[in-house]
Structure formats: structure tokens, C-alpha cells
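Data first, discussion second: the structure below is written as C-alpha cells.
There are 2 protein chains.
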Amino acid sequence: MDRMRLMETFVRVVETGNFSAVAREAHTTQSAVSKQVQALEKLVGAPLLVRSSRSHSLTEAGQLYYERCRQVLDTLEEAQLEVHRAEHEISGVLRVAAPVAFGRLHIVPRLASFYARHPKIKVHLQLDDGFVDLVAAGIDVAFRVGELKDSRLVARRIGSAHRATLASPAYLERHGEPQHLDELPRHNCIIYTGLTAINEWSYRDSAGLSHVVRVDGNFQSNSSEAIRQAVCEGLGISYSPIWVFGDDLRAGRVKPILTRYRAPSLPLNVVFQPARRPSLKVNSFVNYFSEAFSRDPDIAQMLTADA
Amino acid sequence: MDRMRLMETFVRVVETGNFSAVAREAHTTQSAVSKQVQALEKLVGAPLLVRSSRSHSLTEAGQLYYERCRQVLDTLEEAQLEVHRAEHEISGVLRVAAPVAFGRLHIVPRLASFYARHPKIKVHLQLDDGFVDLVAAGIDVAFRVGELKDSRLVARRIGSAHRATLASPAYLERHGEPQHLDELPRHNCIIYTGLTAINEWSYRDSAGLSHVVRVDGNFQSNSSEAIRQAVCEGLGISYSPIWVFGDDLRAGRVKPILTRYRAPSLPLNVVFQPARRPSLKVNSFVNYFSEAFSRDPDIAQMLTADA
DNA sequence: CCAGATTATTCCTGTGTGGAATAGATGCTA
DNA sequence: TAGCATCTATTCCACACAGGAATAATCTGG
Chain L
1 MDRMRLMETF VRVVETGNFS AVAREAHTTQ SAVSKQVQAL EKLVGAPLLV RSSRSHSLTE
61 AGQLYYERCR QVLDTLEEAQ LEVHRAEHEI SGVLRVAAPV AFGRLHIVPR LASFYARHPK
121 IKVHLQLDDG FVDLVAAGID VAFRVGELKD SRLVARRIGS AHRATLASPA YLERHGEPQH
181 LDELPRHNCI IYTGLTAINE WSYRDSAGLS HVVRVDGNFQ SNSSEAIRQA VCEGLGISYS
241 PIWVFGDDLR AGRVKPILTR YRAPSLPLNV VFQPARRPSL KVNSFVNYFS EAFSRDPDIA
301 QMLTADA
Chain V
1 MDRMRLMETF VRVVETGNFS AVAREAHTTQ SAVSKQVQAL EKLVGAPLLV RSSRSHSLTE
61 AGQLYYERCR QVLDTLEEAQ LEVHRAEHEI SGVLRVAAPV AFGRLHIVPR LASFYARHPK
121 IKVHLQLDDG FVDLVAAGID VAFRVGELKD SRLVARRIGS AHRATLASPA YLERHGEPQH
181 LDELPRHNCI IYTGLTAINE WSYRDSAGLS HVVRVDGNFQ SNSSEAIRQA VCEGLGISYS
241 PIWVFGDDLR AGRVKPILTR YRAPSLPLNV VFQPARRPSL KVNSFVNYFS EAFSRDPDIA
301 QMLTADA
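In the order they appear, the protein sequences are chains L and V. If you read the first sequence in UniProt numbering, its first letter stands for residue 1, the second for the next number, and so on. If you read the second sequence in UniProt numbering, its first letter stands for residue 1, the second for the next number, and so on.
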């Protein structure tokens, strides 16, 4: 006995005041309607309407129950619409761009559960450490590290790229571990050349004073993966977002140094093109990762001030 | 396929994250639970949760639908409680007191539909034109015409007793129809002696001026039924609530006279004893009749001012 | 007072739900 | 890494039950 249908027929009976009419309307027989109303009364445990073979009237209980039924049916219809909309609009290909290490370490591992939540979305993930023009490349969503330039895009800050100074134990063994910033220029510093070469490393000491150190070394790259590889193999010291090294840190293949000095964090944003009607697909993706990252200590914004 | 049960199991599945546990909890088999969730997904038209034989997670659609389900189930449970309460508390004997004519003409004819709405209430109707002490007589609800005295009772105004001056065509034939108030003392006026003998009839003319006429006649009674009978048989002129004459007016057995003068209406109240917890039974009765009378032109309060 | 319409009831048929068992899959543990 | 334990999907079958048709009973309105 489908209580939903029971309630629907009951509501219609109340509104038309006529079993037979409801039967015709629902392409069924008057017999069925009669039985359904009876079944509902049995289920509810009280007479809902008083029948007199030509018309009925609601009992008090019936009146109360009728109102609730309407409420329930309306809610259910609304639910159906919501689900349908979600099902229809949150589907298809979503083109996502991100820095290489970030994508590998923080996006890909979360895709499985993202797909679980959004089975109809297909992700095309494009990893690039350089600058990517969303419009030109047909990208829907991009993760950006650092300050933003392109003002035509909508940006949402979803975390921070916490940075640290790192080296492999082997390197430190050979060259000694620097204890003060002024030792850095004597070390082999690996320089990331994303948009511009970063050969000045900035710090803030425990007293809150800023320090900038000009560094140099025999290896530069625009690829965070290459830098990671280089550091792990003991080529030198790196100054970069800690998530570039991911497991390497946990596994002890690299070690943070100069921890007395805090390297200012870079903002981590997700950007997308503004649309007249906000795209549920893009929203779903942004919301999902925003939520996920807020629970990830490596990425979540610290309560202390970022640079 | 009972959608209600489907939704219940779905909700439990979401909350426990485990088909088998829900099956045990509902004293059924895991097979049934699996099928029910599938059936719901088919009904809704979208996957609600992504299964991986050891755990699930909600899809976006599932999340939305889950919330709605909770809402629906809560509403339904509330409905069940309401109905149960109504069913339980709106039952038993209700003792009602009213003036004789009023009861006969305005209460009894509405009892059938009142019973339809409240099948479990039994009405003991006690008709009396005199004053009845609610507490002493064990009355739950009383209809009172005129100003109220007993301040220990809760009163609710539910209408007005519109009054008129009436006589039978036969009487008017014999004695002529009075056109002015000052002719009344020469007529045989029948006097109602409810609590006190009303031998002064008051009026308001079209200019709003009050007039009081002292009248007399050869018949007085404390019974409106007796007065009605007397008027119908042409004994004299009466000044009383028009509902005392009910059908007689419509049938032409009595006729309103001196219609240029308005007789001030008396308030019609329903009174009952205040209770710590308001009695649903009394409330149901009062609400029903209050509502019914508000749609009855004989009783409804006029928009023009009453005396 | 009759005619038309409406609801309750009965009997029967066909669908479909749920149970038991099996297969397939996955995560945990040693 | 392999095996075990647990979970879900699926298949097959039997029984229950919902709904249709027809009839009886009841009521309304002209």
C-alpha cells in the first residue's frame, strides 16, 4: 500500500469531494479510490471523512491530516524538482586547470570522492605551472597560487600555500644545516622561475620583523616537479609551498630548515568566469574542494595573519 | 511500493551508512533494503548514493533528497500525533445549554454536520429559557442572550440576537397595523418574562434617536415557545429575537411591523468554564458553532453598531 | 416517489514485494 | 601481499495484496 498515493488520492478526494471524479481523474476505478481512502484511515487510525453516499465532509482529524498531506506532497514535489535540476545541470565535462604539484597532490587524490558525490561530472584536469588564460584555453575553473591579476574573473580564496625552506638530509649532511638567514647566500639555492625568477626569499622572524635574502644556485626551473626531484636528490635548498613536497616531508626525504623564520604564505584561489546564471557544475566543484581544503591542515588558512 | 517506507529506509541508510544494519533494525533482510533503495532511486530518477560494497556516500542529489525526506517524515509524524490527540481528546459527552427556541432553531439543525466533523463527541443538549448555573448543573458550554453577569466564566461573542416587533396577519387584520410607536400602548403586547419582565420596548429611529415605549397586554410568559405559539395564534404583538419565530417569518405566519424603527440587538455569547488546559472538546464545539453562525445572516453580527 | 448517481463490498486475477541463497567486491589484518 | 570477513547485487520463487468488474445499498434532487 503506497502511502504516498494514498495521500494523493485523499487530498484529491478532499478537494473534489467526490470519489468517482478522483477515480476518473486518476484513470482508475471508484473501487480503488474507496479502498485507498479506507486504507489511509486505517493507517492513520482515525476516520478522516464522513461519507454520505452523495457527499462527504471532513472530520476534525481529517482536516488536520489534509493540511499535513498537502505540506508533505508539496515538499516532495519540490524535492523532485531539486533533484531533477541537480541531475540535469550538474553533469558534463568540467575543465580544470591547476599547478602541477598541487593537482597531483591535492586534486587527484580527492577526485574519487568527488565523483562519488557528482557521478555525472567528467573532469578534464590540465596541470600547468605557467600562467593559463582561462578564456583562451576554454577552462572552467583554475586554481591559482599568489596574488591575482585578471580582474574579469571571479575569485574565491580557498586556502593558503604555506611555504617553507627545505633540503634533503643528504644535502644538509654534506653542507651543514644553516641556522641563520645570512648563511643562505653561501648555499646552493634552487630557484623557481614561474612567471618571474624568485631569487629573493622573504621571511618574518619571531619578533615580526621582515627579512629578505638574495639567493643563488646552479639550478632553476619553472617546473615544481623538477625542483622537487632536485631537492630530493640533494641538489640544494628550496623555498616553496610545502605541498610541493607532499609525502616527501612525511617520509623524511626532505626536512624543513630555518624554522625560526616564517615564510609568508601565498593566497590560494580558485577562479572562474562569471556567468549570468551561476553554473551549478562549477559551483559544485568549487564548493566541494573549498570544503575539502578547509579541513586539510596543509591548505586551510591559518588563523594567524598571512602575508 | 510504499514510498513512505522507501523514504524511511533511505533515511536510515544515510544515517547508519549500512544496508545490513538497517535491515536488522527493521526486522527484514538486506535484500529488501537494497531493493528499496534501488526502487527509490528509480522513482526519483537519479542515483542517490554511490555504493562501494563496504561503504557509501551521498550524491549531490542524494543529499538534497535526504533533507527533504527528513522533512517529510517529520511532518508526517507530527500529523500522526495531531490526529491521535484530536481523536483522543475530542470525544465523549459535551453538555450544552441554550435557550429553547435558539436551541431548536439554530443548534439542532446543525448537529448533523457537527457530528460529521466530530464523530466521537456526544452532545447532551439542555434547553432552558431561564438562567442556568453552569457549575451547578455540570454544563460545559452555554449559549447566553443579553449582557453577561457571571465573571468567572469565559465568554465569546458569536453573534447578535436581532430583535423585531411581530404579529400575525390575523391579529393585524382585526386590530389594524400600528404605524407609529405611540400606537403600541393601545395594542395587546405579549411580554417575555425571562429574568425580569420586559415591559419597556426600546427602539432607535432612522435619525438615530432612542425611544422607549411602556407596553402591556393580557399574556406574559417566561417561555419563548409559548410566546411564539401565542403570536402565531393572533393573541398579540411580540418584541423578541427574530429567531424565536424562525420559519414562521419565512412562511408568513408572522409579520414584522414598525420596521421603520430598529430594535437594538442583544449580544449572543457562548460561555464556558476556564480550564488550566483548554479543553479541545469545548473548543471544537465553540469553534464550530462560532464559524457556522458567522455565516448565518440571522445571527451574524451586523456591521452597523449594535445597542 | 422515482431516477440517477455515488459508495461499500465481494470475488477474482495478476503483479510485485520480500525472503533465501549465491555471486561478486572490498577493506582489514596478519 | 594474501586471505578472511563482511557487505551489496542478483536471481528465483512463493505468497500476499492491490486493483478491476459487478452488485448491493444508500442518498439527492426534481
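Glycine is no exception: its CB is placed at the ideal position from the N, C-alpha and C atoms.
Under 8 angstroms by Cβ, that's how I've got residue i and residue j pegged, so tell me the actual separation to the nearest angstrom.
i, j, result
"L/Val50", "L/Val33", "Actually they are not in contact, since the Cβ atoms of L/Val50 and L/Val33 sit about 16 angstroms apart, beyond 8 angstroms."
"V/His214", "V/Arg262", "Going by the sequence as given, residue 214 of chain V is Arg instead of His. Contact doesn't hold; Cβ gap of about 19 angstroms is too wide."
"L/Cys69", "L/Phe10", "6 angstroms"
"L/Asn199", "L/Ile191", "5 angstroms"
According to DSSP, is residue i part of a helix, a strand, or is it coil?
i, result
"V/Pro297", "coil"
"V/Arg250", "helix"
"V/Pro241", "strand"
"V/Glu291", "helix"
"V/Val13", "helix"
"V/Arg68", "helix"
"L/Pro227", "Looking at the sequence provided, one finds Ile at residue 227 of chain L rather than Pro. Helix at L/Ile227."
"V/Ala46", "coil"
"V/His27", "coil"
"V/Leu261", "According to the sequence displayed, residue 261 of chain V carries Tyr and not Leu. DSSP places V/Tyr261 in coil when its eight states are reduced to three."
"V/Arg3", "helix"
"L/Asn283", "helix"
"V/Ile198", "coil"
"V/Leu94", "strand"
"L/Phe143", "strand"
"V/Lys255", "strand"
Closest Cβ-Cβ distance between residue i and chain L: below 8 angstroms?
i, result
"V/Glu41", "no"
"V/Asp2", "yes"
"V/His15", "In the sequence as presented, His is not what sits at residue 15 of chain V; that position holds Glu. Judged by the 8 angstroms Cβ criterion, V/Glu15 is not in contact with chain L."
"V/Ile107", "no"
"V/Ala21", "no"
"V/Arg68", "yes"
"V/Tyr203", "no"
"V/Gln38", "no"
"V/Thr193", "no"
Identify which residue in the options has its Cα closest to the Cα of residue i.
i, options, result
"L/Leu249", "L/Pro109, L/Pro264, L/Ser91 and L/Ser168", "L/Ser168"
"residue 321 of chain L", "L/Pro297, L/Ala275, L/Ala292 and L/Asn287", "An answer regarding residue 321 of chain L cannot be provided, because it is not within the stretch 1 to 307 covered by chain L."
"L/Gly62", "V/Arg54, V/Ala116, V/Leu148 and V/Val96", "V/Ala116"
"L/Leu268", "L/Tyr192, L/Phe114 and L/His162", "L/His162"
"V/Val212", "V/Ala230, V/Gly194, V/Arg253 and V/Tyr239", "V/Tyr239"
"L/Leu172", "L/Pro256, L/Gly103, L/Ala164 and L/Asp298", "L/Pro256"
"L/Gly252", "L/Val231, L/Arg157, L/Thr193 and L/Ile191", "L/Val231"
"V/Val235", "V/Gln273, V/Asn188, V/Asn199 and V/Ala101", "According to the sequence provided, residue 235 of chain V is Leu. The question's Val does not apply to it. Per the Cα distances, V/Asn188."
"L/Arg12", "L/Tyr66, L/Ala137 and L/Ser279", "L/Tyr66"
"L/Leu148", "L/Ser279, L/Val282, L/Leu266 and L/Glu177", "L/Leu266"
"V/Phe289", "V/Ile90, V/His88 and V/Arg157", "V/Arg157"
"L/Val145", "L/Glu89, L/Leu58, L/Lys281 and L/Val270", "L/Val270"
"L/Ala164", "L/Lys281, L/Leu258 and L/Glu60", "L/Leu258"
"V/Gln38", "V/Phe219, V/Arg277, V/Arg3 and V/Ala142", "V/Arg3"
"V/Ala86", "V/Val282, V/Ala300, V/Gly194 and V/Asp74", "V/Val282"
Shorter than 8 angstroms from the beta carbon of residue i to some beta carbon of chain V?
i, result
"L/His118", "yes"
"L/Thr29", "no"
"L/Ala46", "yes"
"L/Glu173", "no"
"L/Val286", "no"
"L/Ala61", "yes"
"L/Leu94", "no"
"L/Ile90", "yes"
"L/Ala97", "no"
"L/Thr259", "no"
Suppose you measure from the CA of residue i to the CA of residue j; what does that come to, to the nearest Å?
i, j, result
"V/Pro185", "V/Ile237", "11 angstroms"
"V/His124", "V/Asn222", "23 angstroms"
"L/Gly159", "L/Asn287", "13 angstroms"
"V/Gly17", "V/Leu43", "21 angstroms"
"L/Asp129", "L/Ala226", "11 angstroms"
"L/Phe19", "L/Pro47", "16 angstroms"
"V/His27", "L/Glu15", "38 angstroms"
"L/Ala112", "V/Met7", "27 angstroms"
"L/Leu81", "L/Asp296", "34 angstroms"
"V/Arg5", "L/Glu41", "17 angstroms"
"V/Asp247", "V/Arg228", "11 angstroms"
"V/Val93", "V/Val254", "37 angstroms"
"V/Gln30", "V/Arg24", "8 angstroms"
"L/Gly138", "L/Leu127", "14 angstroms"
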